[in-house]
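Engineer: The structure is given below, and queries will be raised subsequently.
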Amino acid sequence: MFSLIKNLILTDTGKDAVIVSIGTFINIVAGGLFFILTPRILGPEDYGLFSTVIATGLMAASIANFGIDTGILKFAKLGSSDFNKILSLAFKSYIFLGFLVTLIGIIFAHFLASFLDQPQITALLRIAFFGNMFILLTNFYVASLQARHQFAKASIVNIVSNVSRLTVLALSAYFFTVGLYFLTIIFFSATLVSAIAGKFLMPFKYEKNNKADLLNFHKFNVWIALSLIISTVPYENYLLLKIAGPIQTGFYAAPFKVLSFAHQFGGNLTRVFASRFSSFETNQKAVNYAFKAVLPVSIFIAVLVFLIIISAPIIQIIFGANFEDSVIVFRILAAGFIFFIASTIPSSIILYHLGKSKISFLITVIRYLTFVVLLLLLVPSIQATGAAIAFSSSEFLSFILMTAYLIYQIKSSRTSKDL
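In UniProt numbering, the protein residues as written are 1 to 419.
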């Protein structure tokens, strides 16, 4: 067993996975400390509002992203003569879409706040929509570095923002009282620092593109973009806030944020897989690589199982007695994240080896339709716990659908190119 692990680590996949794991761990510590301190500073009610504002800003960035980072990983091949051309196209698209989403968001922030019955968060939502520009630039540089297999530098870009955010919070809390507005500004402004770091770590030569280049690039991205638009709407935050109120939203959001390191790890691991799966010309190579990828995924799943076992003391230590109701929510959400991590392998094969972005979109639609229906059924009666059950059930369904599709394709394919 130890020999198997050693041999895996010595491969390119193993080395990249180790780098990603170390970078993710540092991000977890720096980012996690921020989100450990924030609920304690704000309490369940204000933290419920804060988490909804943050989720809205991240939603705006994902919509403006339009699947562009996936396109970078797919088309910006290491050593390709078109590398700078692809990055130039992506950068131009990010700037245009970022400004468009920011403008629309600032205009409609009041309507969203009124819909949620929380008009006092209008200004916070506008800060969130404005901050999506910095998040987009950070995403651009991270994806570009990962496309060049410079995973350590890509991790540094993310680490810079988390460390900056934590440092400013610690200094500010020491000298004066920190509130909801200040924390929101800290969160989004820190991503400007990471964007600047990315600019230094990932210089590229801007090249002009023609209309055909633009259409070909976004033709692949469009299904990813639609998937992002559907998947990044914070349905649970919005429904909890509107139906159950900010306190229940806080009980759900606090453990979810603690477990969001699984999203970071899964996303980064997928990007490690992306360049590999997109380069394989035969099914057998993809299958062989998938078996290698099982080990790091399994190790991370074991970590989540351990966290479920010790969930009660974790919540008590991190958030205090005010968040006691979050223990059961934490356990249910952790189970859902197990299926999310397990899905990184089949989702990478579908998207990067098969190039079936439409299938990925269809599975996303089914997953989120199920998620919303379960939220509407469960949140009115069991509130935050119901939202957690809805999340984990939809993650399980997504994993089953992706795995079933791959099994079907493997059995039905007659040539390596048909998989």
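All C-beta atoms, glycine included, are put in the ideal place defined by N, C-alpha and C.
1. For S189, tell me which candidate among V160, L304, E236, I345 has the shortest Cα-Cα distance.
2. Would you grab the beta carbon distance between A253 and N237 for me? Rounded to a whole angstrom, and I think it's under 8 Å.
3. Have a look at V365, G179, V327, F337 and flag the residue whose alpha-carbon is nearest the alpha-carbon of P313.
4. In the DSSP assignment, the alpha helix (DSSP H) including R126 goes from what residue to what residue?
5. By the three-class DSSP mapping on this structure, what secondary structure does F256 have?
6. Does the distance from the C-beta atom of A64 to that of L136 stay below 8 Å?
7. Taking the alpha helix (DSSP H) that K153 belongs to, which residues open and close that run?
8. Can you tell me which of the three DSSP states L116 falls into?
9. For E324, which three-state DSSP category applies?
10. For the alpha helix (DSSP H) containing V193, name the first residue and the last one.
11. Check whether the region 119-139 touches the region 94-105, counting contact only when three or more Cβ pairs, one atom from each stretch, lie closer than 8 Å.
12. So what does DSSP say about V53, is it helix, strand or coil?
13. Determine the direct distance from the alpha carbon of F50 to that of S260, and round the result to whole angstroms.
14. Using only alpha-carbon positions, find the residue among R165, V365, A404 that is nearest to T38.
15. If we count the other Cβ atoms within 10 Å of its Cβ and call it buried at 16 or more, is P346 buried or exposed?
16. Measure the C-alpha to C-alpha separation of V379 and V297 and round it to an integer number of angstroms.
17. Determine the closest residue to L377 out of Y368, A390, A123, with distance taken between C-alpha atoms.
18. Do the region 229-243 and the region 306-320 make contact, defined as three or more Cβ pairs closer than 8 Å?
19. Once the 5 residues before and after F187 are set aside, which same chain residues still bring their CB inside 7 Å of it?
20. Considering only residues of the same chain and omitting the five flanking positions on each side of F134, which have a CB-CB separation below 7 Å?
21. Could you tell me which of Y181, F399, F66 sits nearest to L125, measuring between CA atoms?
Structural biologist: Reading it off the structure:
1. Counting from 1 along the sequence shown, the entry for residue 189 is found at position 189. The candidate whose alpha carbon is nearest that of S189 is V160.
2. For the purposes of this step, residue 253 is taken as the residue at position 253 of the sequence shown. For the purposes of this step, residue 237 is taken as the residue at position 237 of the sequence shown. Contact between A253 and N237 holds, since their C-beta atoms are separated by about 7 Å, short of 8 Å.
3. The residue labelled residue 313 in the question sits at position 313 within the sequence shown. Cα-wise, what sits closest to P313 is V327.
4. As a working note, residue 126 is residue 126 in the sequence shown. If you look at R126, you'll find it in the alpha helix (DSSP H) that goes 122-147.
5. In the sequence shown, residue 256 corresponds to position 256, counting from 1. Helix at F256.
6. Along the sequence shown, read from residue 1 onward, the residue named residue 64 stands at position 64. Along the sequence shown, read from residue 1 onward, the residue named residue 136 stands at position 136. Yes.
7. By one-based count along the sequence shown, residue 153 stands at place 153. Its alpha helix (DSSP H) spans residues 151-175.
8. In the sequence shown, counting from the first residue as 1, residue 116 sits at position 116. Of the three classes helix, strand and coil, the one that applies to L116 here is coil, per DSSP.
9. Position 324 of the sequence shown, counted from the start, is the residue given in the question as residue 324. The three-state reading of DSSP puts E324 in coil, since its state is none of H, G, I, E or B.
10. What you label residue 193 is simply residue 193 of the sequence shown in a count that begins at 1. Segment 180-201, the alpha helix (DSSP H) holding V193.
11. At 8 Å Cβ cutoff, the stretches touch.
12. As a first step, residue 53 is located in the sequence shown; it is residue number 53 there, counting from the start. Helix at V53.
13. Start at 1 with the first residue of the sequence shown, and residue 260 comes out as number 260. Start at 1 with the first residue of the sequence shown, and residue 50 comes out as number 50. Roughly 16 Å separates the two Cα atoms.
14. On the sequence shown, residue 38 is found 38 positions in, with the first residue counted as 1. The shortest Cα separation from T38 among R165, V365, A404 belongs to R165.
15. Here residue 346 corresponds to residue number 346 of the sequence shown, with the count starting at 1. Its Cβ being crowded by 16 or more others within 10 Å, P346 is buried.
16. Residue numbering aside, residue 379 sits at position 379 when the sequence shown is read from its first letter. Residue numbering aside, residue 297 sits at position 297 when the sequence shown is read from its first letter. Distance between the alpha carbons of V379 and V297 is about 31 Å.
17. Looking up residue 377 in the sequence shown gives position 377. Nearest C-alpha to L377: A390.
18. No: the two stretches stay apart, fewer than three of their Cβ pairs being nearer than 8 Å.
19. Within the sequence shown, residue 187 is the residue found at index 187, counting from 1. Short of 7 Å from the beta carbon of F187, and not among the five residues preceding or following it, lie these beta carbons of its own chain, in chain order: I54, R165.
20. On the sequence shown, position 134 is the one that residue 134 refers to. Leaving aside the five residues that flank F134 on each side, the residues in its chain whose CB is nearer than 7 Å to its CB run, in chain order, F188, T191, L192, A195.
21. Along the sequence shown, read from residue 1 onward, the residue named residue 125 stands at position 125. A check of alpha carbon separations from L125 across Y181, F399, F66 identifies Y181 as the nearest.
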